[in-house]
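J.: Please see the structure below; I have some questions.
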């Protein structure tokens, strides 16, 4: 640790005792994380720890991505993996960590349900800070201040703010975030849109009208507007596969990203426009859902992912981009997709096995069943409005909270049926879901 860092650490501890008293818990010092982009596109990462530590928990191992792409430059420090998590540890027994330098050559991690460290967007990249921010010994994210210094000729941007570099930066949501590093600032509107210049014009035109309509509908249906225009990142992959439509989406508080690839995106025909609308509506739903945070890592994904699919269907119906008959067909279709994708497993087993289409489709059908029990309109938006409020009172949500909300409004039978569906194997899951939705 440098002399300056020691002085700042001592001052922080002294200030904490003055503010909190000797008997109160002293907050952990912030971790300083510096990310410097090299001209070749690789990164140098430096950790400055406010207090020396025995090891640094970097979080899940990302399928071996850090072991493959991170090179520790500091003598006496090693990157190790234990039980699916990565740690920085001193090589010598009894030593502690204070400052660590690492070379990072980010490549796609290829995981279906995790973020890329640096996702390409045109000639820039979108960094995900969560793969750099460590965890405390209590399993929470460390308080981190991030410096980002891009290579010459580009800037950094997040939450609509563009600068030559970020220094001492935190997400306004105190949550891992996306940060764009590249040559072009966002296009401001209903969202700050960071669009790949290679995106077809029809996609940019579609988003210009779709985003304000979606945001207005969600704000009214869920009872509150967003605090500020969100960030939307639109990335385009290869178009070599003629007619192919590939889509991947990610969402964080105040931000979402859509990555499109395949030759089918060149025109709005053959389902491209409909898929773009449904995908954007799904990711936009997450912006409102993020006001309810999971209470732990074991909260099932079908609650929010299936809920986002069901919300997207309601929103597209609500703004007139699909008909009520098409919306109902999508609800019925989710039940049969759930049945196909479960393939003899329970929903809980399917999620553990990474059968994500089952998670989305079954969660969609369960959200519809829950809404029809919870409120007279059968509105998934009304269900989530109540769920967000209950989550705030509960300091986070979990499956018991979800079920208790349904039971309080719709009775024990439906709540117990949803719980049972999540953990049971059925010969005809679609029939069970129809019964839960009170259609049989």
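In the numbering used here, the protein residues as written are 1 to 440. Note that beta-carbon positions come from the ideal geometry of N, C-alpha and C, so glycine has one too. Since the model is a prediction, treat every value here as computed from it, not as a measurement.
Considering Cα atoms alone, identify which of 325, 209, 169, 260 is closest to residue 121.
T.: 260
J.: Indicate, with yes or no, if the ligand SAM has a heavy atom lying under 7 Å from the CB of residue 78.
T.: This structure simply doesn't include the ligand SAM, nor any ligand for that matter.
J.: Beta-carbon separation of residue 221 and residue 367 under 8 Å?
T.: no
J.: Given a cut-off of 8 Å, decide if residue 72 and residue 65 are closer than it, judged by their beta-carbon atoms.
T.: Contact: no.
J.: State the Cα-Cα distance for the pair residue 403 and residue 223, rounded to the nearest angstrom.
T.: 22 Å
J.: Check the C-beta distance from residue 192 over to residue 231 and give it rounded, since I have them as a contact under 8 Å.
T.: 5 Å
J.: Should residue 275 and residue 245 be called a contact, given that it needs their Cβ atoms to be closer than 8 Å?
T.: yes
J.: If contacts are defined as beta-carbon pairs under 8 Å, then residue 393 and residue 405 qualify, I think. What distance do you get, rounded to the angstrom?
T.: With a Cβ gap of about 11 Å, residue 393 and residue 405 do not count as contacting.
J.: Please state whether DSSP places residue 53 in a helix, a strand or coil.
T.: Here DSSP, grouped into helix, strand and coil, assigns residue 53 to strand.
J.: May I have the straight-line CA-CA distance separating residue 443 from residue 369, to the nearest angstrom?
T.: Past the boundaries of the shown model lies residue 443; the chain is included only from 1 to 440, so the question cannot be answered.
J.: Hey, residue 313 and residue 327 are a contact pair by Cβ (cut 8 Å); roughly how many whole angstroms apart?
T.: Their Cβ separation, rounded to whole angstroms, is 5 Å, which keeps residue 313 and residue 327 in contact under 8 Å.
J.: Whose C-beta lies closer than 6 Å to the C-beta of residue 45 among residues of the same chain, with five residues either side of it excluded?
T.: 35, 102, 104
J.: Less than 7 Å between C-beta atoms, sequence neighbours within five positions excluded: which residues of the same chain meet that for residue 266?
T.: 200, 239
J.: Could you compute how far the alpha carbon of residue 257 sits from the alpha carbon of residue 290?
T.: 15 Å
J.: To the nearest whole angstrom, what separates the beta carbons of residue 379 and residue 371, a pair I think is in contact under 8 Å?
T.: Rounded, the Cβ-Cβ distance is 6 Å, consistent with contact.
J.: Between residue 262 and the rest of its own chain, which residues show a CB-CB distance below 7 Å, the 5 nearest in sequence each way excluded?
T.: 239, 241, 244, 245, 246
J.: How is the beta strand (DSSP E) around residue 167 delimited, first residue to last?
T.: 166 to 169
J.: In whole angstroms, what separates the C-alpha of residue 434 from that of residue 335?
T.: 8 Å
J.: By DSSP, does residue 120 sit in helix, in strand, or in coil?
T.: strand
J.: Could you name the residues of the same chain whose beta carbon sits closer than 7 Å to that of residue 164, not counting the 5 residues immediately before and after it, in chain order?
T.: Correct list, in chain order: 155.
J.: Is the beta carbon of residue 296 closer than 8 Å to that of residue 500?
T.: Any property of residue 500 remains undetermined from this structure, which presents the chain solely from 1 to 440.
J.: When burial is assigned at 16 or more other CB atoms within 10 Å of the CB, is residue 188 buried or exposed?
T.: Residue 188 is exposed by the Cβ-count criterion.
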